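First up is the structure itself, then whatever we jot down about it.
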Amino acid sequence: MDPAVIIVNPAAGRGRVGGQLARIQAWVRSWAPEVPVWVTEGPGHASELTRRAPPDARVVAVGGDGTAHEVVRALGPGQVLGLVPVGSGNDIARMAGLRRVGLERALATALWGGIVRYDRGIVDGEPFASSATAGLDAAVARRAFAAPRYLRGLPRYLWALVAELRGLALPETRIEVDREEVYAGPMLLAAVMNSATYGGGFPIAPMARPDDGRLELVWAGAFTRLGVLGILPRLLAGRHLGHPRIGHRSGVQFRLSFDRPVPIQADGEVLPERAEIEVVIEPAALPIAADPGAREGTPALEEARPVTAMPEPTV
Numbered sequence: 001m002d003p004a005v006i007i008v009n010p011a012a013g014r015g016r017v018g019g020q021l022a023r024i025q026a027w028v029r030s031w032a033p034e035v036p037v038w039v040t041e042g043p044g045h046a047s048e049l050t051r052r053a054p055p056d057a058r059v060v061a062v063g064g065d066g067t068a069h070e071v072v073r074a075l076g077p078g079q080v081l082g083l084v085p086v087g088s089g090n091d092i093a094r095m096a097g098l099r100r101v102g103l104e105r106a107l108a109t110a111l112w113g114g115i116v117r118y119d120r121g122i123v124d125g126e127p128f129a130s131s132a133t134a135g136l137d138a139a140v141a142r143r144a145f146a147a148p149r150y151l152r153g154l155p156r157y158l159w160a161l162v163a164e165l166r167g168l169a170l171p172e173t174r175i176e177v178d179r180e181e182v183y184a185g186p187m188l189l190a191a192v193m194n195s196a197t198y199g200g201g202f203p204i205a206p207m208a209r210p211d212d213g214r215l216e217l218v219w220a221g222a223f224t225r226l227g228v229l230g231i232l233p234r235l236l237a238g239r240h241l242g243h244p245r246i247g248h249r250s251g252v253q254f255r256l257s258f259d260r261p262v263p264i265q266a267d268g269e270v271l272p273e274r275a276e277i278e279v280v281i282e283p284a285a286l287p288i289a290a291d292p293g294a295r296e297g298t299p300a301l302e303e304a305r306p307v308t309a310m311p312e313p314t315v
């Protein structure tokens with residue numbers, strides 16, 4: 001088998017992953033005893049461990065979008081991302097068709113599954129797999145870390161959204177796509193998407209595909225608090241793009257300028273506030289071990305290793 005390492009974030013999923021560590025280790029002992037299981041000790045550690053992995057390894061991220069993002073930002077040119085989605089959002093795994101597979105099957109897919117090549121975004125030098133956003137949605141991602149522990153996925157982000165609306169103030173914004181100005185005015189949010197969803201399942205960019213060589217920008221202009229609540233049902237259903245104050249452009253280079261520093265996030269990871277960002281795409285730069293039968297329209301595989309060849313024990 002290919003060289004591989006498994007990186008487990010025990011804090012992911014509000015600490016639930018730590019409770020699965022023994023199960024993961026037992027599975028690895030049974031089916032892949034040569035693969036080390038490394039446990040992160042804090043923020044940024046998954047990136048450090050990725051850099052320590054063999055240059056041609058499959059680097060398996062066991063956690064949520066935050067863990068996967070730390071691996072993506074440090075992934076070397078010969079390494080492959082594996083995903084075991086057990087976090088709170090899991091939009092990167094959803095993008096790869098791995099959102100609803102079991103723990104053992106996800107591990108088997110990460111270690112033996114076929115490899116697909118997705119595009120990768122870069123926001124001010126920071127790689128991302130799924131999304132880079134500015135404004136309210138980035139503020140919501142930041143607020144979500146303080147959500148009650150019993151909330152997961154979409155409910156967690158809805159709680160954070162309601163909390164952020166109390167202090168809503170829109171920055172004046174200028175947006176350029178492929179060097180053409182497409183919007184100037186107040187901005188509620190702007191999302192540059194490689195995947196269809198963010199925030200634990202919000203279908204903000206239903207047209208997005210991670211393998212088409214383009215990113216999708218969706219922005220919302222001047223909305224009041226009441227207007228945000230009014231558009232929310234359409235957003236949840238993926239029917240918001242016809243709204244007159246919501247815009248969309250597809251492209252490969254995006255520049256957003258604001259009249260003051262605003263919250264920024266990439267794959268759910270909060271970045272320092274800034275008054276300007278630039279986002280570009282790197283086509284086919286993100287190899288992921290993904291189940292070829294898990295998502296309609298999966299790109300052609302570089303390697304065809306059927307996941308079913310690997311038994312799935314109950315541990």
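So in UniProt numbering, spot 236 of the sequence shown is number 236, and the numbers just go up one at a time. Built from N, CA and C at the ideal position, the CB exists for glycine as well. Keep in mind the model is a prediction, meaning the values are calculated, not measured.
Endpoints, the alpha helix (DSSP H) within which V228 is located: What you label residue 228 is simply residue 228 of the sequence shown in a count that begins at 1. Start and end: R225 to L236.
Run of the alpha helix (DSSP H) containing V140, from where it starts to where it stops: Residue numbering aside, residue 140 sits at position 140 when the sequence shown is read from its first letter. Looking at the DSSP string, the run of the alpha helix (DSSP H) that includes V140 is L136 to A144.
Continuous alpha helix (DSSP H) stretch holding E34: start and end: Your numbering for residue 34 matches position 34 in the sequence shown. That residue, E34, is in no alpha helix (DSSP H); it is neither H nor E in DSSP.
Spatial neighbours of R274 in its chain, beta-carbon cut-off 7 Å, leaving aside the 5 residues before and after: Your numbering for residue 274 matches position 274 in the sequence shown. If we look at R274 and ignore the five residues flanking it on each side, its Cβ neighbours are P261 and I264.
Integer-rounded CB distance, given that A284 should sit under 8 Å from D119: In the sequence shown, the residue the question calls residue 119 occupies position 119. In the sequence shown, the residue the question calls residue 284 occupies position 284. The Cβ separation is near 6 Å, so the contact holds.
Proximity below 9 Å, CB of V37 to CB of T50: Counted from its first residue, the sequence shown places residue 37 at position 37. Counted from its first residue, the sequence shown places residue 50 at position 50. It is not a contact, given that the beta carbons lie outside the stated cut-off.
Helix, strand or coil at M95 according to DSSP, with G and I counted as helix: Position 95 of the sequence shown, counted from the first residue, corresponds to residue 95. Note: M95 maps to helix in three-state DSSP.
The region 18-32 / the region 41-49 touching (three or more Cβ pairs under 8 Å): no
Nearest-angstrom Cα separation, counted from V140 out to residue 335: Because the chain spans 1 through 315 in this model, residue 335 falls outside it and cannot be assessed.
Three-state secondary structure assigned by DSSP to S195: Position 195 of the sequence shown, counting from 1, holds the residue named residue 195. Here S195 sits in coil by DSSP.
Contacting residues, own chain, Cβ-Cβ under 8 Å from I246 (five flanking each side not counted): Walking along the sequence shown from the start, residue 246 turns up at place 246. Once the five neighbours on either side are set aside, the close Cβ partners of I246 are V218, W219, A220, G221, I231 and H240.
For Q79, three-class secondary structure by DSSP: As a first step, residue 79 is located in the sequence shown; it is residue number 79 there, counting from the start. In the structure shown, Q79 sits in coil (DSSP, three-state: anything other than H, G, I, E or B).
Inter-stretch contact (C-beta, 8 Å, three-pair minimum) for the region 172-186 and the region 70-87: no
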